[in-house]
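Student: Shown below is the structure under consideration.
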Amino acid sequence: HGGGLNAHTWDLVCASLRTERHCLALDQRGHGDSEWSPEMDYGIESHAADIDAFVDRLGLDRFVLVGMSLGGVNALAWASAHSQRLAGLVIVDVGPEVRQAGVRKIAAFTSEATPLDSVEDFVARGPLRPGGLRAPPPAPVVGGGQGRVSDAGGARSRKRRVPRRGRRAPGQRSPRRPLGQSGARRPHRAGRQSGWSARGAAQISRRGVRRMKAVYIAETGGPDKLIFGDRPDPDAGPGDVVVRVRATALNHADLSIRAGRSATGTLPRILGLDIAGEVARLGPGVTGWKEGDRVVVENRVKCGVCTPCALGRDEFCERQKRLGGELDGGHAQYCKVPAVNLQRIPDWMEFDEASTLPLAGHTAWHCLIERVQLQPWEDILIQAVGSGVGSFGLLMAKSIGARAIVTAGSDWKLAKAKELGADEVINYTATPKFSQRVKELTDGRGVDVVFDCVGATVWDESLASLKPGGRLVITGTTSGSQIPFNLGLLQSRPLTLMGSGARSRRSFAAMMHMVHYGGLRGVVGRTFDLADAAKAHEVMAGRDFFGKLVLRVP
932 HGGGLNAHTW
942 DLVCASLRTE
952 RHCLALDQRG
962 HGDSEWSPEM
972 DYGIESHAAD
982 IDAFVDRLGL
992 DRFVLVGMSL
1002 GGVNALAWAS
1012 AHSQRLAGLV
1022 IVDVGPEVRQ
1032 AGVRKIAAFT
1042 SEATPLDSVE
1052 DFVARGPLRP
1062 GGLRAPPPAP
1072 VVGGGQGRVS
1082 DAGGARSRKR
1092 RVPRRGRRAP
1102 GQRSPRRPLG
1112 QSGARRPHRA
1122 GRQSGWSARG
1132 AAQISRRGVR
1142 RMKAVYIAET
1152 GGPDKLIFGD
1162 RPDPDAGPGD
1172 VVVRVRATAL
1182 NHADLSIRAG
1192 RSATGTLPRI
1202 LGLDIAGEVA
1212 RLGPGVTGWK
1222 EGDRVVVENR
1232 VKCGVCTPCA
1242 LGRDEFCERQ
1252 KRLGGELDGG
1262 HAQYCKVPAV
1272 NLQRIPDWME
1282 FDEASTLPLA
1292 GHTAWHCLIE
1302 RVQLQPWEDI
1312 LIQAVGSGVG
1322 SFGLLMAKSI
1332 GARAIVTAGS
1342 DWKLAKAKEL
1352 GADEVINYTA
1362 TPKFSQRVKE
1372 LTDGRGVDVV
1382 FDCVGATVWD
1392 ESLASLKPGG
1402 RLVITGTTSG
1412 SQIPFNLGLL
1422 QSRPLTLMGS
1432 GARSRRSFAA
1442 MMHMVHYGGL
1452 RGVVGRTFDL
1462 ADAAKAHEVM
1472 AGRDFFGKLV
1482 LRVP
C-alpha cells in the first residue's frame, strides 16, 4: 500500500508471499510497470475504506501491513479499522525519518512494528505463515547440548546454545508445534501422574514441563477408555490464546469421538467441544484481549486461506478442525485456541451456563435464524425438546414470538418445557403418530417449520407434520441416520428440506449478541466434576436429563 511501489519492489514483495495464501492491497498509483501474476490474488484499491472492504471480502483473520508511506492518513485509518487483526508492520524503501515516524504512529495498533531499510531485508526474514504471521523459529536439535540453526534468509548458519528442556532463552518461542500442525508425539504412558494440587494450577513435572489435569483418550471405545490424568500445559503460539477452562459442556459428538465414530486426529486426544473460561496467556500478535477476560470459545478452527475462507464463508472452510475432535479440547485445565474464536460472556452469566452456548446454542441459532429464518407468526415443531439443542430451539422460538409445539419421550421433560414457555407438548412415546396431533393443534394445516434433533425414528412423522410449503431442518441423528425415503412426498408437496452442520464465526458472534442483549439463556441439566467425565458420558447415553450436562474444571 503506497504511492511509489516500483516494479523491482513489487517483484520482491511477491517473492515473499506464498501462492494462494496472501493477498496484497495497493494504492492505484503504486503498481508502477509491474506485471500481474496469475498465480497470486491481488487487489488494487484507492482509499482506506475500499481497502477495508477488500480485506473483509477476503476474510483475513491476521495479516501484516507491508509497504511505504505508512504514516499517511489512509494507512492510519486502515490500521485503526483493523487493529485487532493487524499482526505486524513492515515499512520499506523510505528514509529513516519517515520510516520511524510511521512506526511511531502505527505502533499503537500493533506490537510488532518493524522498520526495514529495504524489501530485500523483509524477504530475507523468510516467508510469512498463513494469516500473515511469521513462522516460529525451527526447533533446535536436542542431544549433545548444541544445535545448528539456519538464519531466516538461508545465507549462512550459526551455532546456538540449546536451552535445557522446560526453559526458553529470553525472547525465544516455544518449539512446540503450532495449533493444528501434525507431527510425531512422544509415546503415551496411560495414567502417568505428576505433582498437582487441589487448587487446580498447572504444576511443573520432574522433567521441567508444565502439566495440567485433563480428560483424554489414548484409544477409542466405551466410557472406560476415558483417562483422567496429566497432559502438557499448552503454550500460546502466534495469534493464539491459552484459556483457563472453568466449565466444559458435554455433547453427543463427544460420545461419537470417544467411540471412534468421529474423527479424532492422532491420539492421545483431549476431548471437550464446549469451552468457557478466562484468558490465561496471550500469544504474539494478539490484541483486544487481556488476562482474566471471561470468554466462551467457538470450537471450529478455520484455516483462513482456502477459497471459502477468502470469500468470507468460513463455515465452508475446507480445512477446518474441531477443538475436542481433531485438536485438543476443553476437558482440561487449559486449552490453546485462536484468538479470533473468542467471544466475551456477560458479567451476570456463570461459566456453567456459558459453556452450553458454543455447540447447542450456536446450532439452534444457525438452524432457526439463518437456515429456516423462523418468523414470529409461524408455528414450529421442536423434536426432543429435552436435549441441549432442542431446549435452545424452544428458547429462541419463544424469543422470536413463534408458537412452539414440542415433543419429548417423558412427561417430566414436557413439564419442564412448559415452564420454559412451550405452547403445546406431545409425548411421542405415548403418541407415535404425533403428526395427527400436530394437525389437530393447527386446525388441520400443519406447522411451518420442523426442527429435528432426533433423526430416523421421527422422520416420517416430521414430514407429515409440515404444511404445504413447510421447511424441515435436521441437526441430529441420535436415533439413526439411515431411512427409506418416499420421493413422492416431495413430488406432491412443495416442501423444503435443509441440513445444518456449517457454522461461521459471524453467526457465533450474532448469537452471542442475542445472549448479551436479547436475554438468551442456556439450560444446565446436571453438573459433574471433571474427574467424573465417565459418569457424565453414561448419563448422556441414557438421556435421562433436560438441557446440557456440564463438567466443572478445578
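Counting along the sequence shown from 1, when you hit position 484 you're at 1415 in my numbering, and nothing is skipped either side. Glycine included, C-beta positions come from ideal geometry on N, C-alpha and C.
1) Whole angstroms are fine: how far does the CA of residue 1164 sit from the CA of residue 1128?
2) Can the beta-carbon of residue 1302 be found less than 9 angstroms from the beta-carbon of residue 1429?
3) Would you be able to state if there are at least three C-beta pairs under 8 angstroms between the segment 1230–1239 and the segment 1256–1272?
4) At a cut-off of 8 angstroms, is residue 1241 close to the ligand GDP when judged by its beta-carbon and the heavy atoms of the ligand?
5) By DSSP, does residue 1315 sit in helix, in strand, or in coil?
6) Find the nearest neighbour of residue 1184 within the set 1241, 1256, 1168, judged by alpha-carbon distance.
7) Give me the Cβ distance between residue 1216 and residue 1170, rounded to the nearest whole Å; I'm assuming they're in contact under 8 angstroms.
8) Compare the beta carbon distance of residue 1268 and residue 1146 with 9 angstroms and say whether it is the shorter of the two.
9) Identify whether residue 902 lies in helix, strand or coil by the three-state DSSP scheme.
10) Whole angstroms are fine: how far does the CA of residue 1352 sit from the CA of residue 1386?
11) Rounding to the nearest angstrom, what Cα-Cα distance links residue 1084 and residue 1155 in this structure?
12) Would you kindly report the start and end of the unbroken alpha helix (DSSP H) that includes residue 1367?
13) So, for residue 966: in the same chain, excluding its five sequence neighbours on each side, which residues have a beta-carbon less than 7 angstroms away from its beta-carbon?
14) Taking the alpha-carbon of residue 1456 as reference, which of 1359, 1480, 1189, 1471 has the nearest alpha-carbon?
15) Contact defined as beta carbons within less than 8 angstroms: I believe residue 1296 pairs with residue 1471. What is the distance between those atoms, to the nearest angstrom?
16) Confirm, please, whether the CB-CB distance from residue 1407 to residue 1383 is below 9 angstroms.
17) To the nearest angstrom, how far is it from the Cα of residue 1204 to the Cα of residue 1292?
18) May I ask which residues mark the beginning and end of the beta strand (DSSP E) holding residue 1486?
19) Spatial neighbours of residue 1182 within its chain, please: C-beta separation below 6 angstroms, excluding the five flanking residues on both sides.
20) On a CA-only basis, which of 1349, 1340, 1369, 1345 is nearest residue 1360? Give me that one, please.
21) Report the rounded CA-to-CA distance for residue 1451 versus residue 1444, giving the unit in angstroms.
22) In angstroms, rounded to a whole number, what distance separates the CA positions of residue 1322 and residue 1237?
23) With a cut-off of 9 angstroms, does the C-beta of residue 1375 fall near any C-beta of chain C?
24) What are the boundary residues of the beta strand (DSSP E) that residue 1355 is part of?
25) Within 8 angstroms, do at least three Cβ pairs link the segment 1328–1335 to the segment 1298–1312?
26) Does the Cβ of residue 1090 have 16 or more other Cβ atoms within 10 Å, making it buried, or fewer, making it exposed?
27) I'd like the list of long-range same chain contacts for residue 1466, defined as Cβ closer than 7 angstroms, with 5 residues on each side in sequence excluded.
28) Look up residue 1275 in the DSSP assignment and give the residues it is bridged to.
29) Hey, would you say residue 1404 sits closer than 9 angstroms to residue 1380, going by beta carbons?
30) Pop quiz: residue 1401 and residue 1420 are said to be a contact at Cβ under 8 angstroms. What is the actual Cβ separation, rounded to whole angstroms?
31) Rounded to whole angstroms, what is the Cα-Cα separation between residue 1107 and residue 1315?
32) For residue 1265, is the classification buried or exposed, using 16 other Cβ atoms within 10 angstroms of its Cβ as the cut-off for buried?
33) When the Cα of residue 1391 is compared with those of 1363, 1376, 1372, 1371, which residue comes out closest?
Tutor: Checking against the coordinates, here is how it stands:
1) Since pLDDT at residue 1128 reaches only 33, below the 50 mark, its modelled position is unreliable, and the value read off the structure follows with that caveat. Cα to Cα, residue 1128 sits roughly 15 angstroms from residue 1164.
2) yes
3) yes
4) This structure simply doesn't include the ligand GDP, nor any ligand for that matter.
5) Residue 1315: coil per DSSP, three-state reduction.
6) The alpha carbon of residue 1184 has as its nearest neighbour, out of 1241, 1256, 1168, the alpha carbon of 1256.
7) 6 angstroms
8) It is not a contact, given that the beta carbons lie outside the stated cut-off.
9) The first residue shown for the chain is 932 and the last is 1485, placing residue 902 beyond what the model contains.
10) Near 24 angstroms, if we compare the C-alpha coordinates of residue 1352 and residue 1386.
11) Note on residue 1084: pLDDT 37, under 50, position unreliable in the model; the coordinate value appears next. Rounded to whole angstroms, residue 1084 to residue 1155 spans 51 angstroms at the Cα level.
12) 1365–1372
13) Only weak support exists for where residue 966 lies, its pLDDT of 40 falling under 50; the value from the coordinates is given anyway. No residues qualify anywhere along the chain.
14) 1480
15) Not really, about 22 angstroms apart at Cβ, beyond 8 angstroms.
16) yes
17) 13 angstroms
18) Look at the range of the chain in this structure, 932 to 1485, and you will see that residue 1486 is not part of it.
19) 1204, 1290
20) 1340
21) 9 angstroms
22) Spanning the alpha carbons of residue 1322 and residue 1237 requires a straight line of approximately 35 angstroms.
23) Going by chain labels, chain C is absent from the structure shown, which holds only one protein chain.
24) 1355–1358
25) yes
26) Legend: pLDDT at residue 1090 = 40, less than 50; position of this residue unreliable, value from coordinates given subsequently. Flag for residue 1090 reads exposed.
27) 1459, listed in sequence order.
28) 1226
29) yes
30) Contact doesn't hold; Cβ gap of about 11 angstroms is too wide.
31) Any answer about residue 1107 is weak, because its pLDDT of 39 lies below 50 and its placement is not dependable; what the coordinates show is given next. So the two alpha carbons sit approximately 43 angstroms from each other.
32) Its Cβ being crowded by 16 or more others within 10 Å, residue 1265 is buried.
33) 1363
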